[in-house]
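Written below as structure tokens is the structure these notes are about.
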Amino acid sequence: GDAIIAFWGAPLDQPDHATVACYAAIEMQQRNEEMRQMLREQNRPLLFTRMGLNSGPVVVGNMGSADRMDYTMMGDVVNLAARLEGANKFYKTFTMISGSTYELAKDDIDSRQLDIIRVVGKKEPVHVYEVLARKNETGSEMSGVVEQYLKGLKLYQDRNFADAVKEFEKVLDIDQEDGPSLTYVKRCGVFLETPPEKDWDGVYTFTEKG
1 GDAIIAFWGA
11 PLDQPDHATV
21 ACYAAIEMQQ
31 RNEEMRQMLR
41 EQNRPLLFTR
51 MGLNSGPVVV
61 GNMGSADRMD
71 YTMMGDVVNL
81 AARLEGANKF
91 YKTFTMISGS
101 TYELAKDDID
111 SRQLDIIRVV
121 GKKEPVHVYE
131 VLARKNETGS
141 EMSGVVEQYL
151 KGLKLYQDRN
161 FADAVKEFEK
171 VLDIDQEDGP
181 SLTYVKRCGV
191 FLETPPEKDW
201 DGVYTFTEKG
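Using full-length UniProt numbering, the first residue of the sequence shown is number 1, and each one after it goes up by one.
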């Protein structure tokens, strides 16, 4: 299950809740990388953390029973955040946010569009993004990766899967472990053999949880 569930905007209103949530995720991933560097030097197994962020109205308050009660939250928005955390697995990413969080925080963060997905148990598709860094703090190599990646993503969305593969492979020439590009190379290969329906809207429907 989830190790940590955190929320912003309650009990006191916090207008920049989406931005500070993204900042918290960014700093946690930075600390994780520092820890991994230490573990590498000690030849010990590396640890990774996946995070999913979503924004919207939820029910917040004291919940439970007389024996055990917590101040927590519940609702579809919370459930989707948990699904996004798991969906990182399919893109080999670590911090995924929904379109609603992206729209609120996009002026304060560097990110890249990942996909339009329909998670298990949900009917409505969701635009999802990977959080990279605070605004204008992404390194030059990663900026190059994102620029090239977006070319492939546009071709994929236009159903030009053969050319999309070529663009994603150019990304892998820069970073051979770029998870989203690896995912799209594989998916485009599947679509080249078995094309999606003519009315395909670009949404990828997951049949399993991450």
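Just so you know, even glycine gets a beta-carbon here, dropped at the ideal spot from N, CA and C.
Keep in mind that this is a model prediction, so the values were computed, not measured.
By the CB criterion at 8 Å, residue 179 and residue 164 fall outside the cutoff. Contact between the stretch 24-38 and the stretch 64-78 is absent: fewer than 3 CB-CB pairs across the two stretches fall below 8 Å.
Relative to the Cα of residue 64, the nearest Cα in the group 73, 57, 58, 162 belongs to 73.
Of the candidates 82, 119, 111, 203, 111 places its Cα closest to the Cα of residue 134. The residues 52, 96, 117, 119, 128, 206, 210, in chain order, have a CB closer than 8 Å to that of residue 87 in the same chain once the five nearest residues on each side in sequence are set aside. In this structure the stretch 188-198 does not lie against the stretch 75-93, because fewer than three pairs of beta carbons, one per stretch, are closer than 8 Å. Residue state for residue 153 is assigned as helix, using DSSP reduced to three classes. Distance between residue 16 and residue 3, taken at the CA atoms: about 24 Å. Going by C-alpha positions, residue 81 is about 29 Å away from residue 189.
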